[in-house]
Every structure is written in C-alpha cells, then in structure tokens.
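Below is one structure; the comments refer to it alone.
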Amino acid sequence: MTGIAYTQVTNENFESVYKDIVDKIATAKYVAMDIEFTGQCQTIHKHMDQRYVELANVVKKSAMVSFGVSIMAPNGTLENYDVLLVNQTVHQVDPSNLLFLAHHGFDFNRQLRYGLGYRPGVFNVLNRPKEIKIKRGVRELWVDIHRQLRAHHVPLVVHNGFIDMMYLYHSFITTLPAQFQHFVADLVDAFPGGIYDTKYIARKILDEEVSFLAYLYYQYMRRDNKRKREGDDDDQQQATKKLRDDPSYMPPPICDDYAARGYCEGGYKCVFSHDLNRILERDENLRNSKSKSNPQSLVTPVPVTNAHNAYFDAYMTAYIFNHMTTMMGKEAMEQQIGKLYLMRLDFPLRLIKSQFANTTEEWNTMKKHIDESKQ
Ligand SMILES: [Zn+2]
Numbered sequence: 002m003t004g005i006a007y008t009q010v011t012n013e014n015f016e017s018v019y020k021d022i023v024d025k026i027a028t029a030k031y032v033a034m035d036i037e038f039t040g041q042c043q044t045i046h047k048h049m050d051q052r053y054v055e056l057a058n059v060v061k062k063s064a065m066v067s068f069g070v071s072i073m074a075p076n077g078t079l080e081n082y083d084v085l086l087v088n089q090t091v092h093q094v095d096p097s098n099l100l101f102l103a104h105h106g107f108d109f110n111r112q113l114r115y116g117l118g119y120r121p122g123v124f125n126v127l128n129r130p131k132e133i134k135i136k137r138g139v140r141e142l143w144v145d146i147h148r149q150l151r152a153h154h155v156p157l158v159v160h161n162g163f164i165d166m167m168y169l170y171h172s173f174i175t176t177l178p179a180q181f182q183h184f185v186a187d188l189v190d191a192f193p194g195g196i197y198d199t200k201y202i203a204r205k206i207l208d209e210e211v212s213f214l215a216y217l218y219y220q221y222m223r224r225d226n227k228r229k230r231e232g233d234d235d236d237q238q239q240a241t242k243k244l245r246d247d248p249s250y251m252p253p254p255i256c257d258d259y260a261a262r263g264y265c266e267g268g269y270k271c272v273f274s275h276d277l278n279r280i281l282e283r284d285e286n287l288r289n290s291k292s293k294s295n296p297q298s299l300v301t302p303v304p305v306t307n308a309h310n311a312y313f314d315a316y317m318t319a320y321i322f323n324h325m326t327t328m329m330g331k332e333a334m335e336q337q338i339g340k341l342y343l344m345r346l347d348f349p350l351r352l353i354k355s356q357f358a359n360t361t362e363e364w365n366t367m368k369k370h371i372d373e374s375k376q
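The sequence shown begins at 2 in our numbering and counts up one residue at a time.
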C-alpha cells in the first residue's frame with residue numbers, strides 16, 4: 002500500500018530475521034523508529050513533572066501493538082521493519098486509538114495471532130537463575146539491538162517521540178521511574194548516540210508552519226523530486242497539465258483541520274479532502290505567491306498514501322531526517338541532538354546529564370545486562 006519495501010516481524014519469521022536486524026543496527030548511520038500503542042493521555046499538563054506522571058500512568062496500563070524501525074545503512078539505503086507485538090499482561094485499550102489504527106489498515110486479527118508476546122516492566126530474565134535457558138523473544142531482540150546502539154553510538158531518530166520513548170522504555174527496558182528527572186537521567190545514559198526529534202527541528206529550527214509527519218514527508222519528497230527532474234521540464238509540465246485539465250474531476254474542498262495538524266474530528270468520515278498532494282500544492286502556491294516568484298508551481302504529484310503503520314512512520318521519519326541533514330549540514334544538525342519536542346510548550350525536553358538527578362537502580366541493573374550479556 003505504501004510502496005515501501007519492509008519486513009514484518011512476527012512469531013513466524015522471528016528466528017530467521019533476528020540476526021539480520023541486529024547486524025544491520027551495528028553498522029547503521031542512524032535508526033528511526035515509531036511505535037503504535039493502545040492508550041493516549043487526554044490531558045497534557047504544562048508542568049512537565051505532572052505531565053510525565055500522568056503519561057506514565059497511561060503507558061503502564063496500555064500496550065504497544067507495533068514497533069517500526071527504519072535503519073539507515075552505510076550505503077544510504079533504508080531497511081524497514083515492522084515488529085508486531087502483543088502485550089501479554091492485562092492492559093487497557095482506548096477505543097479511539099484502536100479505531101484510528103483499524104481505519105489505517107492495522108490488522109488486529111493478525112496482531113493477536115502472529116504478534117510477538119512481551120511482558121513490560123522489569124525484565125524477568127534478571128531474576129532468573131542463569132542455568133535456566135528459555136527461548137528468546139522480542140525483549141531479547143531489543144536487548145541485542147540496544148547493545149549495538151550503545152556500542153556503536155548509533156543515534157535514534159523520532160518524530161514527536163516523547164511518548165514513544167516512554168513506551169519503549171517501559172515495554173522493553175524497565176519500569177518507568179516514578180519521577181520525571183530520573184526518566185530523563187536514564188534516557189541520557191541509555192542512548193549515548195543521542196536522540197533526534199524531527200518534529201522539534203521542523204518547528205523550532207526550520208520554522209515549518211505545518212509539521213505533522215506525512216505533510217513533511219510529502220513536502221520534502223516533492224522538493225527532492227523537483228530538484229531531480231530539473232532538466233526535463235517538458236514531461237513534467239505535460240503531466241501536470243493533464244491532471245489539471247481533467248474535466249470529470251471535481252474534488253471536495255480541502256479539510257483545513259487536517260491540512261494544519263494531520264488529523265480532524267471527522268476522522269475517516271470527514272467529507273472534506275485529506276489529499277496531501279492537493280494540500281501541498283495549495284500551500285506551495287500560497288507561499289510562492291507571497292514571495293512573488295514562480296507563481297505556477299508545477300510539481301508532479303507523488304503517490305500519496307494515508308497508511309499509518311509503524312514501519313512507514315519510521316521510514317518517513319528517516320526520510321525527513323535525511324532531507325534535513327542535507328539541507329542544514331551535518332554540523333548544524335548535530336546541534337539539535339537531545340532535544341525532544343514537547344506538545345504545547347515552546348521549549349524542548351533537553352536530554353543532558355544533570356548533576357542533580359541520578360540514574361535509577363532499575364536502569365543500572367538493566368544496563369549491566371545489556372552491556373555484558375551475549376546471546
Ligand atoms: Zn477532515
């Protein structure tokens with residue numbers, strides 16, 4: 002549906018793809034990730050200590066249903082994985098989250114049958130006598146991935162990823178700390194390669210007016226395609242003209258809520274258009290008419306999908322990160338390491354080592370296991 006090649010990781014192919022994923026992480030330039038989950042916080046506090054406590058409460062009661070990773074190989078290609086997950090403990094689901102996933106093509110039947118089971122919180126391997134060996138599961142996979150990320154200082158890339166990091170931490174690393182400052186201290190220590198948040202960079206550094214994931218992705222892809230196509234203008238103009246001249250096509254008006262934020266109250270029932278090609282074309286023409294240059298932006302539409310899968314979101318994040326690095330340069334990009342976007346706040350979450358907050362005992366124990374254990 003998305004046209005992007007990926008591997009879905011399930012209990013059917015787990016053993017055969019395990020080593021491949023870990024090996025690719027070891028040589029990766031960076032790894033983008035996205036998580037789909039069952040619960041969201043209804044209230045977003047301005048005060049971060051309080052926001053964290055409320056989010057942690059939701060994360061601890063909910064579940065991850067899929068985990069997408071997009072791995073940038075040294076040769077510049079992206080390898081995409083979609084890991085299907087089943088939280089095997091009793092947990093809550095927010096029906097609106099499930100509906101959202103279902104309407105974007107998520108297959109719950111498949112998830113339950115083929116998803117990899119996991120138990121969140123403290124990793125039970127740590128309490129198990131060493132002589133007892135059991136079959137490795139998705140938490141062992143994460144430990145192996147995490148070891149490579151740490152050993153090779155591979156950066157993680159997320160888009161609006163604060164809650165994703167909380168889910169990842171609680172599901173695959175250890176129980177979320179009671180206090181926000183300890184969570185931050187653990188994150189800093191856990192990911193020495195650093196974490197980038199493309200939402201923060203888009204909003205605060207590049208001043209993008211609209212910064213939801215799919216919008217940025219298609220906007221940057223259109224720009225990249227335009228640059229690539231310079232030289233064969235004729236074909237391009239013909240293609241665009243053909244599209245505009247089709248008299249049978251009367252599209253509905255653009256949904257302004259969707260165009261600004263990437264979602265609207267109407268959801269999949271909305272009668273207005275969520276067509277990103279049209280939205281981007283309109284916005285580009287608006288910007289161009291403001292700057293009084295090139296009023297007719299003739300960009301061939303790119304195939305747009307509304308698919309919303311962990312692997313595709315991870316892939317889009319990686320694409321955006323790549324585009325931004327090319328635009329800004331590597332050094333300017335590195336200034337943005339460790340700044341996570343915080344909804345409704347003007348400042349980012351700074352992931353820097355604090356002399357006041359220590360890492361937690363739980364993380365220290367897990368760190369020892371990650372760095373010292375070998376499969
Ligand atoms: Zn709408």
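Note that beta-carbon positions come from the ideal geometry of N, C-alpha and C, so glycine has one too.
- Rounded to the nearest angstrom, the Cβ distance from R279 to P252 is 7 Å, consistent with a contact under 8 Å.
- Going by DSSP, A33 is part of the beta strand (DSSP E) stretching over Y31 to F38.
- Under DSSP, the beta-bridge partners assigned to N88 are Y119.
- The continuous beta strand (DSSP E) containing L157 extends over residues L157 to V159.
- According to DSSP, I255 shares a beta bridge with S274.
- Distance from the C-beta of G122 to the nearest heavy atom of ligand 1 is not below 7 Å.
- Beta-bridge pairing by DSSP links I72 to V32 and E80.
- Residue burial annotation: I371 is buried, with at least 16 other C-beta atoms found within 10 angstroms of its C-beta.
- Here K340 is bridged, per DSSP, to R351.
- Note on geometry: alpha-carbon atoms of H92 and E209 lie some 37 Å from one another.
- In the three-state reduction of the DSSP assignment, Y269 falls in the helix class.
- By the beta-carbon neighbour count (other beta carbons within 10 angstroms, threshold 16), N14 is exposed.
- Between N98 and T39 the beta-carbon gap is near 5 Å, inside 8 Å, which marks them as a contact.
- With 16 or more neighbouring CB atoms inside 10 Å of its own CB, E282 falls in the buried class.
- In this structure, the CA atom of W364 is about 27 Å from the CA atom of F348.
- Taken from the Cβ of G263, every heavy atom of ligand 1 lies 7 Å or farther away.
- Taken from the Cβ of G116, every heavy atom of ligand 1 lies 7 Å or farther away.
- Within a 10 Å sphere around the beta-carbon of S355 sit fewer than 16 other beta-carbons, which makes this residue exposed.
- Note on E37: 16 or more other CB atoms within 10 angstroms of its CB, so buried under the neighbour-count rule.
- Three or more Cβ pairs drawn from the segment 195-203 and the segment 150-160 lie within less than 8 Å of each other, which places the two stretches in contact.
- Taking a 10 Å sphere around the C-beta of A215, we find 16 or more other C-beta atoms and assign the residue as buried.
- V10 sits in a strand when the DSSP states are folded into three classes.
- The beta carbon of I353 sits closer than 7 Å to those of V189 and G339, all from its chain and outside the five residues before and after it, given in chain order.
- Ranking D276, Y19 and V272 by CA distance to the CA of A260 puts D276 first.
- Contact between I321 and Y221 holds, with the beta-carbon distance rounding to 6 Å and staying under 8 Å.
- Taken in chain order, the unbroken stretches of beta strand (DSSP E) that lie wholly in the segment 92-155 and span 3 residues or more are 117-119.
- As the crow flies, the alpha-carbon of N286 is around 40 Å from that of L85.
- C-alpha of T366 to C-alpha of Y218: approximately 39 Å in a straight line.
- Counting along the chain, no alpha helix (DSSP H) covers D198; the unbroken beta strand (DSSP E) around it starts and ends at I196 to D198.
- Here the C-alpha atom of K25 lies approximately 11 Å from the C-alpha atom of D145.
- As summarised for the segment 172-209, the continuous alpha helix (DSSP H) elements at least 4 residues long and confined to that stretch are 181-191, given in chain order.
- Annotated three-state conformation of V211 is coil, per DSSP.
- Residues E55, L56 and V59 of the same chain have their beta carbon placed closer than 7 Å to that of C42, with the five preceding and five following residues left out of the count.
- By the criterion of a C-beta distance shorter than 6 Å, V94 is surrounded in its chain by T39, once the five residues flanking it on both sides are discounted.
- For T318, the uninterrupted alpha helix (DSSP H) run begins and ends at A311 to M329, by DSSP.
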